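Q:
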Amino acid sequence: MKYKMIVFDLDGTLAEAGKGIERHVANQIKDLEEMGYTIVFNSGKNAAYLSGFARGIGISRPIVIGENGSILLYPFENREIQLVERGDILDEIKEKVLETFTDKVWLQPNQVALTFFPKNREHITELSEFMSDLVNQHEDGYVMYTHIDAIDIIPKNVHKGVSMLELFRQEKITKDEVIAVGDSTNDIPMLTEAGLSIIIGNKLKLEGAKQFDTIEEALEFIKRQGLSLGRL
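Position one of the sequence shown corresponds to residue 1 (the UniProt record's numbering), numbered consecutively onward.
(1) If we call anything under 8 Å between Cβ atoms a contact, is Val25 one with Ala47?
(2) Output needed for Lys203: all residues of its chain with C-beta closer than 7 Å, excluding positions within five of it in sequence on either side, in chain order.
(3) With DSSP as the reference, please indicate the residues paired to Lys210 in a beta bridge.
(4) Quick test of your reading: Gln108 and Phe117, contact by CB under 8 Å. State the CB separation rounded to the nearest angstrom.
(5) Output needed for Ala54: all residues of its chain with C-beta closer than 8 Å, excluding positions within five of it in sequence on either side, in chain order.
(6) If you pair each beta-carbon of the segment 26 to 35 with each one of the segment 152 to 159, do three or more pairs fall below 8 Å?
(7) From what residue to what residue does the beta strand (DSSP E) around Ala180 run?
(8) At a cut-off of 7 Å, is Glu85 close to the ligand HEM when judged by its beta-carbon and the heavy atoms of the ligand?
(9) Check this for me: beta carbons of Val135 and Tyr142, under 8 Å apart or not?
(10) Can you tell me whether DSSP reads Asn42 as helix, strand or coil?
(11) Assess contact between the segment 157 to 172 and the segment 187 to 198, defined as three or more Cβ pairs (one per stretch) separated by less than 8 Å. Is contact present?
(12) Tell me the rounded alpha-carbon separation between Ala218 and Arg224.
(13) I need the boundaries of the beta strand (DSSP E) containing Asp152, first residue and last residue.
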């Protein structure tokens, strides 16, 4: 089976959380696009950010999935698909967090998901516990992900895997034609929907997935896969 598409998480996968992507990593991703792969970024970041990121590293026809699967965007077509409604509960949670933490947090400008960054990472545990209590008040309607530098809350009926299925429908491809690369819990739905799953680092274990210590090793492995299939 020839892989046609590679779906990348961003923070913790292509770059350290809160840091820019290394130029040699960006160049390797450009090389993969030139080999014929469709490049997709599937992240908790919003779609506009991811679109700018893709353009900044030189990807000519990227597809981006923002807010942990909430938004599917084709930047080169100016076409957007919103996969879930936001809901008033997220606005209520947002107001309570801002009221309590005021200038201690930064709110990511999302369309659907709620994402807060503590301005001081030492406050991540306190913020996480506070937001978790708020989410638990609303039964099973929402799910929360705590990262090293941010906290996401999204409707429970959407995640990175749901967006992958919509992506396959739009692109008329199957999971067996897709490689997915991630590093953490919120990437599991994305990884399980791919024909080849690749995990960066040691935070996550998934049966059948390839595991690499660094993104550079993973990209070299993908490139060898492509070369063995005669993509160049």
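We put the beta carbon where it would ideally sit given N, CA and C, even for glycine. Since the structure is predicted, the reported quantities are computational estimates derived from the model, not experimental observations.
A: Quick look at the numbers:
(1) Taking 8 Å as the Cβ cut-off, Val25 and Ala47 do not qualify as a contacting pair.
(2) Cβ neighbours of Lys203 beyond the five flanking positions: Asp183 and Ser184.
(3) DSSP output for Lys210 lists Ile198 as bridge partner(s).
(4) Sure, about 7 Å apart at Cβ, within 8 Å.
(5) Excluding residues within five positions, the ones whose Cβ falls inside 8 Å are Ile39, Phe41, Pro62, Val64 and Pro75.
(6) Too few Cβ pairs lie closer than 8 Å, so no.
(7) Val178 to Gly182 is the extent of the beta strand (DSSP E) around Ala180.
(8) Although the ligand HEM was asked about, the structure shown includes no ligands whatsoever.
(9) With contacts defined by Cβ atoms closer than 8 Å, Val135 and Tyr142 form a contacting pair.
(10) Strand.
(11) The segment 157 to 172, when compared against the segment 187 to 198, does touch it at the 8 Å Cβ threshold.
(12) Between Ala218 and Arg224, the C-alpha separation is close to 10 Å.
(13) Note, Asp152: beta strand (DSSP E), Ile151 to Pro155.
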